[in-house]
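In our numbering, the protein residues as written are 311 to 433.
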């Protein structure tokens, strides 16, 4: 056994196998990190597109405070429902807009305005 460890041929095979295992491990790490980066990029892009969509809807409602019914904004059909929520009608007028996507009936945005100014918005 001592002769095998001292011999150059005996240790070369083990070193080659060890180097292959290290290269396989580094390749797995590299591929995993690359896939995670791709997933993060896709998620960031989706969030960016959702923000743009929300801002376009907000711009439409700011410019059309009496908005309600079926509306097309940038080629997407929405249904806007508005209802007044008056806590103290003499002072403040609250209007809540609920924007739903007509293709899947999913609520896209809920907007609350106070005296014509947006106070809150979100999903």
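We put the beta carbon where it would ideally sit given N, CA and C, even for glycine.
Separation of the CB atoms of residue 417 and residue 423 is rounded to 17 Å, and the pair is thereby denied contact status at 8 Å. For residue 430, the uninterrupted beta strand (DSSP E) segment begins and ends at 427-432. Following the DSSP letters along the chain, one finds residue 410 inside the beta strand (DSSP E) bounded by residues 404-411. For the pair residue 419 and residue 404, the CB atoms are not nearer than the 9 Å cut-off. A Cβ-Cβ separation of about 15 Å leaves residue 381 out of contact with residue 365 under the 8 Å criterion. For the set 395, 362 and 373, the Cα lying nearest the Cα of residue 386 is the one of 362. Using a Cβ distance threshold of 9 Å, residue 421 and residue 430 count as a contacting pair. In the DSSP assignment, residue 390 forms a beta bridge with 379 and 409. A direct Cα-to-Cα measurement between residue 391 and residue 359 gives close to 23 Å. Straight across, the Cα-Cα distance linking residue 323 with residue 330 is about 11 Å.
Rounded to whole angstroms, the Cβ separation of residue 389 and residue 412 is 5 Å, and the two are in contact under 8 Å.
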